[in-house]
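At the far end of the sequence shown sits residue 113, using the numbering used here, and the numbering has no gaps.
Accompanying notes for the structure given below.
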Amino acid sequence: MIRKMTFAVAMMLATASGALGAEPIVGNWKTASGETAAISPCGGSYCITLKTGKHAGKKIGNMAGAGDSYSGEITDPANDKTYSGSAAISGASLKLQGCVLKVLCKSQTWTKM
């Protein structure tokens with residue numbers, strides 16, 4: 001009985017420590033258009049894939065970074081144009097900005113689900 005309890009406690013601690021170590025960008029986000037985007041680790045960076053909507057399943061970005069600041073590329077799924085991008089996290093908000101030639105920029109804010 002003690003062994004089973006010890007194993008259960010060890011498993012709970014391992015699960016909790018894994019969740020605490022996750023980057024804040026990882027998870028599901030509600031986009032400005034109301035779709036759901038999943039951000040997950042992939043190859044040393046973070047891939048952004050749409051989960052819902054007309055373009056569900058489409059990879060729309062790749063970001064690298066840590067904490068509250070990330071950079072990479074963002075693709076507009078409506079026209080397949082790719083932009084240099086950055087992302088900043090503040091609480092449950094993710095502010096994304098995509099730019100062409102670092103001059104023409106658009107931004108939007110997503111909310112963590």
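Quick reminder that beta carbons are idealized off the backbone N, C-alpha and C, glycines included.
Only a predicted model underlies this, so the values are computations on that prediction, with no experimental measurement involved.
Quiz item: Who are the Cβ neighbours of Gly91 in its own chain at under 7 Å, not counting the five residues just before and after it?
Solution: none
Practice problem: May I ask you to report which of helix, strand or coil DSSP gives Ile74? | Solution: strand
Practice problem: Write down the C-beta distance between Lys95 and Ala88 rounded to the nearest angstrom, noting that I regard them as a contact closer than 8 Å. | Solution: 5 Å
Quiz item: Looking at C-alpha atoms only, which residue of Asn79, Lys30, Tyr83 and Gly53 is the closest neighbour of Met63?
Solution: Tyr83
Quiz item: What's the gap between the Cα of Pro41 and the Cα of Cys105?
Solution: 26 Å
Quiz item: Is the beta carbon of Gly67 sitting closer than 9 Å to the one on Tyr46?
Solution: no
Exercise. Mark Gly61 as exposed unless 16 or more other C-beta atoms lie within 10 angstroms of its C-beta, in which case mark it buried.
Key: buried
Quiz item: Looking at C-alpha atoms only, which residue of Lys102, Val26 and Leu50 is the closest neighbour of Ser86?
Solution: Lys102
Self-check item: Beta-carbon proximity list for Gly98, same chain, < 8 Å, skipping 5 on both sides
Solution: Ile74, Asp76, Tyr83, Ser84, Gly85, Cys105, Lys106 and Ser107
Quiz prompt | Check whether His116 and Ala78 have beta carbons under 9 Å apart | solution = Absent from the model: residue 116. The displayed extent of the chain is 1 to 113, so no value can be given.
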